[in-house]
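Taking it in order: structure first as structure tokens, then the write-up.
Residue numbers (the UniProt record's numbering): 1 to 350.
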């Protein structure tokens with residue numbers, strides 16, 4: 001008989017279901033009629049009051065302070081659908097005041113919040129490790145702020161709805177610096193660029209590009225200039241825009257001047273040895289845009305004991321005139337980009 005009665009309901013303890021009504025005071029557990037909410041914590045006069053934990057059926061939860069049945073005070077809220085978690089101050093169920101938001105996708109925010117959104121001053125690290133510190137409005141970077149980009153660039157200036165707009169300074173990781181006006185994340189308005197190459201530009205920018213952009217270097221002066229070896233000489237140049245006007249807004253261009261003797265390949269059986277290159281000590285030839293190659297020749301006098309371009313024994317040497325004329329160099333554009341300003345450097349071959 002004892003065996004037959006073993007395990008019957010009468011032998012177990014009484015089953016305890018959650019109360020149908022919320023507890024009045026003290027600690028208690030209550031499952032709401034819709035079964036979506038479950039509360040474990042302190043009660044006062046039949047309301048959640050004090051410290052407690054509210055669990056949602058989807059896995060979300062809030063744990064922290066309650067006042068008169070509302071989520072108000074310090075607490076921690078986790079959203080199962082996004083994986084994000086906020087720890088900080090709450091008012092009537094919403095993050096309000098100051099706190100830390102940890103994002104499941106990566107990154108975090110620490111600062112002021114209003115109605116669950118970033119509002120006021122804060123510190124944001126995104127999933128790529130980029131850091132922003134400054135003002136927020138409506139969950140976006142808005143107002144004065146500083147941004148450190150993943151490529152090492154740093155921006156300090158104004159923001160409008162997550163875009164750089166107004167006045168700001170961009171210091172590139174390559175040493176370039178832009179200071180001036182911005183619009184919709186690009187250089188726009190009056191600004192100055194000091195590029196790492198040494199080129200500087202101060203003037204108007206339109207959609208990230210200089211309004212008076214130099215695209216050509218023009219050599220001024222006579223077509224032929226006679227220069228004695230070792231004597232100083234000067235070269236006058238102008239920076240021109242596409243439409244031919246002088247570009248006055250930039251400086252710091254570098255003009256490289258090279259000189260050479262035209263190289264002529266002689267037949268193996270030829271007895272002429274004028275500028276015949278010694279094949280055992282041949283210089284690297286210079287490629288020219290004129291359809292022929294040159295043997296390098298020093299523009300200035302070589303140091304004592306250092307020979308000029310090598311020629312075969314018995315060869316003749318003569319001063320070589322430098323061809324001059326309106327030689328135009330097409331240069332790369334100076335571009336303004338979000339992360340890194342572009343650059344340009346002039347180079348010429350004579």
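Every residue, glycine too, gets a C-beta built ideally from N, C-alpha and C. Since we're looking at a predicted model, the values are computed, not measured.
Which listed residue (the options) has its alpha carbon closest to that of residue i
i, options, result
"residue 158", "151, 150, 167 and 88", "167"
"residue 33", "26, 246, 45 and 56", "56"
"residue 25", "261, 40 and 230", "40"
"residue 202", "249, 235 and 293", "249"
"residue 171", "181, 188 and 153", "153"
"residue 260", "27, 290, 144 and 243", "290"
"residue 150", "190, 129, 144 and 207", "129"
"residue 116", "108, 107, 90 and 134", "90"
"residue 160", "135, 83, 109 and 49", "135"
"residue 105", "204, 83 and 155", "83"
"residue 184", "163, 178 and 190", "163"
"residue 232", "298, 45 and 223", "298"
"residue 156", "182, 138 and 23", "182"
"residue 258", "296, 245, 98 and 284", "296"
Rounded separation between residue i and residue j - CA only
i, j, result
"residue 119", "residue 96", "9 Å"
"residue 227", "residue 209", "40 Å"
"residue 100", "residue 69", "24 Å"
"residue 112", "residue 123", "9 Å"
"residue 217", "residue 225", "19 Å"
"residue 230", "residue 293", "23 Å"
"residue 146", "residue 102", "21 Å"
"residue 114", "residue 143", "16 Å"
"residue 20", "residue 165", "58 Å"
"residue 54", "residue 60", "9 Å"
"residue 219", "residue 206", "28 Å"
"residue 286", "residue 237", "23 Å"
"residue 235", "residue 254", "12 Å"
"residue 46", "residue 140", "40 Å"
"residue 198", "residue 174", "12 Å"
"residue 262", "residue 288", "10 Å"
Endpoints, beta strand (DSSP E) assigned at residue i
i, result
"residue 199", "Element bounds for residue 199: n/a, residue is neither H nor E."
"residue 121", "117–125"
"residue 236", "236–240"
"residue 217", "216–220"
"residue 89", "85–91"
"residue 252", "Counting along the chain, residue 252 falls outside any beta strand (DSSP E), and DSSP gives it neither H nor E."
"residue 30", "26–31"
"residue 264", "That residue, residue 264, is in no beta strand (DSSP E); it is neither H nor E in DSSP."
"residue 245", "That residue, residue 245, is in no beta strand (DSSP E); it is neither H nor E in DSSP."
"residue 99", "94–102"
Helix, strand or coil at residue i according to DSSP, with G and I counted as helix
i, result
"residue 182", "strand"
"residue 156", "strand"
"residue 284", "coil"
"residue 21", "coil"
"residue 210", "strand"
"residue 141", "strand"
"residue 232", "coil"
"residue 56", "strand"
"residue 146", "strand"
"residue 257", "coil"
"residue 130", "coil"
"residue 365", "Here the chain comprises residues numbered 1 to 350, so residue 365 is not present and cannot be evaluated."
"residue 79", "coil"
"residue 114", "strand"
"residue 173", "coil"
"residue 135", "strand"
"residue 352", "What is shown of the chain runs 1 to 350, which leaves residue 352 out entirely."
"residue 227", "coil"
"residue 66", "strand"
"residue 290", "coil"
"residue 47", "strand"
"residue 36", "coil"
Same chain only: Cβ atoms within 7 Å of residue i, ignoring 5 sequence neighbours per side
i, result
"residue 65", "51, 72, 73, 74 and 75"
"residue 9", "With a pLDDT of 46 at residue 9, under the threshold of 50, the modelled position of this residue cannot be trusted, and the question is left open."
"residue 48", "39, 41, 66 and 69"
"residue 187", "178, 180, 205, 208 and 336"
"residue 23", "30 and 43"
Same chain only: Cβ atoms within 6 Å of residue i, ignoring 5 sequence neighbours per side
i, result
"residue 58", "80"
"residue 247", "212, 214, 239 and 241"
"residue 351", "It is not possible to answer for residue 351, since the shown part of the chain is limited to 1 through 350."
"residue 179", "169 and 192"
"residue 77", "62 and 86"
"residue 108", "102 and 125"
"residue 94", "115 and 116"
"residue 189", "181"
heavy atom of the ligand SAH below 7 Å from residue i C-beta
i, result
"residue 77", "With respect to the ligand SAH, the structure shown offers nothing to examine, as it has no ligands at all."
Neighbourhood of residue i by C-beta, 8 Å cutoff - its chain only, sequence neighbours within 5 removed
i, result
"residue 200", "192, 193, 194, 250, 251 and 252"
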